[in-house]
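One structure is given here, and the rest of the page talks about it.
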Amino acid sequence: MAPQPTMTDVGASSANGTRGAAGRPCPADLSPSGKLDAMTDAAAAKSAIASSLPAKPRIFSGIQPTGRPHLGNDLGAIRNYVALQDQYESIYCIVDYHALTHVHDPETLRRQTLEMAAALIALGLDPERCTLFVQSDRPEVTELCWLFNTVTPVGWLQRTPTFKEKRQTQPDDVNHGLLTYPVLQAADIVIYKASLVPIGKDQAPHLELSREIVRAFNSRYGETFPEPQPVYTQAPVVLGTDGTRKMSKSIGNTIEVLAEPDVIRKQIMSMVTDTQRILRSDPGRPQVCNVCQLHRHFGEDYEEIWDGERTARTGCFDTKKLLAERIIAHYAPARETYKELMADPARLRRILDEGAERIRPIAEATMTEVRERMGLR
Ligand code: TYM
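This note's numbering applies: residue 2 is where the sequence shown begins, and numbers increase by one.
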């Protein structure tokens, strides 16, 4: 795993101190006196309670309800969700509001939301050790998103790489949600005052924008939110089967880790390898071959495999076949659990409902604090 931010990096210094009305530290010896003193103290105490950050850094991450996750989701993010759930208070969200910017069929959205929930649990999220919920089950986040819109210059959003990309890939559906997408993402994270965010590198621009939105809010209304920081895995960018672009369902270059073995075999056997290795006898270049790179994550012996490629002892076909069998075997237990969970949608729904209920007090407390700071109460 990539080096993780330490406690001191995540705003612990602003966690528990008494604060003035604007949320800045308010040392006792600078307090005014008399009646005003009492009022200020009362306000400060209320504010301190409302704005107290979690004692331990809180983790938050979101994933779109794209159905069964692909290898990029797992290696780039989900592995970290699972690893971090024991170290921190962790909250994971299936972001159905975000998905509405491109999924417009209600049944598809409902089905894929449940599929993603089942997949996350099958891959190792334990609803007893972390909170798993569906974004629209905690609608307070849409209010925070609106409030954040008022501190976010539109130019920041127009410059976001994903917005520019979506304008190209869905030119007939450039809905306003695509522009506001990163504002909702910022609200997702900080409504729970989370400061660490396990994500893949493709989400880095969004996270940077979240940090800027937090800074804009804090500087206008006083220190309220920690600036969230990314946490990356050892595979922050997983390339797709085309070997050049990021693995992504919208491009159709994925390896679906919980699919039936034959589907996985087909997807892996279609992978582009080292394009300069034309003949079986040509030496391969494992450093540029995506199949070789993926072997890193599925066995200690990847350097031997690379050596076979380099010396043309093995062919691309053999290396792909081995990767397919290893990936199928690695995800076999999760595939079984996934099927069991999908056979009991009522149980899944219960888990998700409980998750949303568990974090209700955090969302409500943040919104009370924010409304007060902004003059809405
Ligand atoms: P989404 O659903 O596209 O992806 C979910 C997670 O998987 C990671 N990922 C990858 N990592 C490495 N290589 C790849 N090829 C790859 N493809 C996907 C993503 O980086 C992500 O971590 N906008 C977010 C969802 C979101 C969110 C949030 C994330 C909404 N609110 C708050 C974090 C915090 C998204 O569309 O992820």
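By construction, the Cβ of each residue, glycine as well, lies at the ideal position given by its N, Cα and C atoms.
Checklist line | Extent of the continuous alpha helix (DSSP H) run through F262 | finding: Stepping through the sequence shown from its first residue, residue 262 is reached at position 261. Sequence check: residue 262 is Pro here, not Phe. Note, P262: alpha helix (DSSP H), P262 to M270.
Check: In terms of residues, what are the limits of the beta strand (DSSP E) holding C131?
Finding: Residue numbering aside, residue 131 sits at position 130 when the sequence shown is read from its first letter. Taken as a continuous stretch (DSSP letters only), C131 belongs to no beta strand (DSSP E), as it is neither H nor E.
Check: For ligand 1, any of its heavy atoms closer than 7 Å to the Cβ of D283?
Finding: Working through the sequence shown from its first residue, we reach residue 283 at position 282. Not so, every heavy atom of ligand 1 lies at least 7 Å from the Cβ.
Checklist line | Closer than 7 Å: H105 CB and nearest ligand 1 heavy atom | finding: As a first step, residue 105 is located in the sequence shown; it is residue number 104 there, counting from the start. For ligand 1, not one heavy atom lies less than 7 Å from the Cβ of H105.
Note to self: Starting from G178, trace the alpha helix (DSSP H) in both directions and tell me its first and last residue.
What the structure shows: Within the sequence shown, numbered from 1, the residue matching residue 178 stands at position 177. Counting along the chain, the alpha helix (DSSP H) containing G178 begins and ends at H177 to V191.
Checklist line | C-alpha distance - A260 paired with L76, whole-angstrom precision | finding: Numbered from its first residue, the sequence shown carries residue 260 at position 259. Numbered from its first residue, the sequence shown carries residue 76 at position 75. Their Cα atoms are separated by approximately 16 Å.
Next item on the list: Please confirm if the stretch 254-273 is in contact with the stretch 235-245, defined as three or more CB-CB distances below 8 Å between the two stretches.
Entry: yes
Item checked: Same chain, Cβ closer than 7 Å to R336, neighbours up to 5 away in sequence not counted -> By 1-based counting over the sequence shown, the position of residue 336 is 335. Contacts found: L259.
Check: Can you give the beta carbon distance from Q136 to C94, rounded, assuming they're within the 8 Å contact cut?
Finding: Locating residue 136 in the sequence shown gives position 135, counting from the first residue. Locating residue 94 in the sequence shown gives position 93, counting from the first residue. About 5 Å; that satisfies the 8 Å criterion.
Checklist line | Cα-Cα separation, K340 to P346 | finding: Counting from one through the sequence shown, the residue named residue 340 turns up at place 339. Counting from one through the sequence shown, the residue named residue 346 turns up at place 345. Cα to Cα, K340 sits roughly 11 Å from P346.
Item checked: Delimiting residues of the alpha helix (DSSP H) encompassing F61 -> By 1-based counting over the sequence shown, the position of residue 61 is 60. From DSSP, F61 is part of no alpha helix (DSSP H) but of the beta strand (DSSP E) over R59 to I64.
Checklist line | Backbone secondary structure at Q230 - three-state DSSP | finding: In the sequence shown, residue 230 corresponds to position 229, counting from 1. Strand at Q230.
Note to self: Does H207 pass the burial test, meaning 16 or more other C-beta atoms within 10 Å, or should it be called exposed?
What the structure shows: Counted from its first residue, the sequence shown places residue 207 at position 206. With 16 or more Cβ atoms within 10 Å of its Cβ, H207 is classed as buried.
Notebook entry, point to check: Around the Cβ of E108, are there at least 16 other Cβ atoms within 10 angstroms (buried) or fewer (exposed)?
Noted result: Walking along the sequence shown from the start, residue 108 turns up at place 107. The residue in question, E108, is exposed, as its Cβ has fewer than 16 Cβ neighbours within 10 Å.
Checklist line | I192 Cβ short of 7 Å to ligand 1 heavy atom set | finding: Working through the sequence shown from its first residue, we reach residue 192 at position 191. Outside the cutoff, so no.
Margin query: With a threshold of 8 Å on Cβ separation, who are the neighbours of K321 within its own chain once the five nearest residues in sequence on each side are excluded?
Written below: Taking the sequence shown and counting its residues from 1, one reaches residue 321 at position 320. Excluding residues within five positions, the ones whose Cβ falls inside 8 Å are I269, M270, M272, T274 and V292.
Item checked: Neighbourhood of P162 by C-beta, 8 Å cutoff - its chain only, sequence neighbours within 5 removed -> Working through the sequence shown from its first residue, we reach residue 162 at position 161. Around P162: P206.
Check: Is it right to say S251 is buried, meaning 16 or more other beta carbons lie within 10 angstroms of its own, or is it exposed?
Finding: Position 250 of the sequence shown, counting from 1, holds the residue named residue 251. With fewer than 16 other Cβ atoms within 10 Å, it is exposed.
Checklist line | K47 - DSSP class collapsed to helix/strand/coil | finding: For the purposes of this step, residue 47 is identified with residue 46 of the sequence shown, where counting begins at 1. Note that K47 has pLDDT 40, beneath the 50 cutoff, so the model's placement of it is unreliable and the number below is only indicative. Three-state DSSP puts K47 in a helix.
Next item on the list: Assign G73 to one of two classes, buried (16 or more other C-beta atoms within 10 Å of its C-beta) or exposed (fewer than that).
Entry: Taking the sequence shown and counting its residues from 1, one reaches residue 73 at position 72. Buried, because 16 or more other Cβ atoms sit within 10 Å of the Cβ of G73.
Check: Buried or exposed: which applies to D235, given that a residue is buried once 16 or more other Cβ atoms fall within 10 Å of its Cβ?
Finding: On the sequence shown, position 234 is the one that residue 235 refers to. The question names Asp, but residue 235 is Gln in the sequence shown. By the 10 Å Cβ count, Q235 comes out exposed.
Note to self: So the candidates are S91, G125 and T338; which of them puts its Cα closest to the Cα of I360?
What the structure shows: For this step, residue 360 is matched to residue 359 along the sequence shown. The option with the nearest alpha carbon to I360 is S91.
Item checked: Outcome for F318 when other beta-carbon atoms lying within 10 angstroms are tallied against a minimum of 16 -> The count along the sequence shown starts at 1 and reaches residue 318 at position 317. Exposed, since its Cβ has fewer than 16 Cβ neighbours within 10 Å.
Note to self: Could you compute how far the alpha carbon of M343 sits from the alpha carbon of I363?
What the structure shows: Translated into positions along the sequence shown, residue 343 becomes position 342. Translated into positions along the sequence shown, residue 363 becomes position 362. Going from the Cα of M343 to the Cα of I363 covers about 30 Å.
Check: So what does DSSP say about C290, is it helix, strand or coil?
Finding: To locate residue 290, count along the sequence shown from 1; it is residue 289. Residue state, collapsed to three classes: coil.
Margin query: Using the Cβ count rule (16 or more neighbours within 10 Å means buried), how would you classify I279?
Written below: As a first step, residue 279 is located in the sequence shown; it is residue number 278 there, counting from the start. Per the 10 Å Cβ criterion, exposed.
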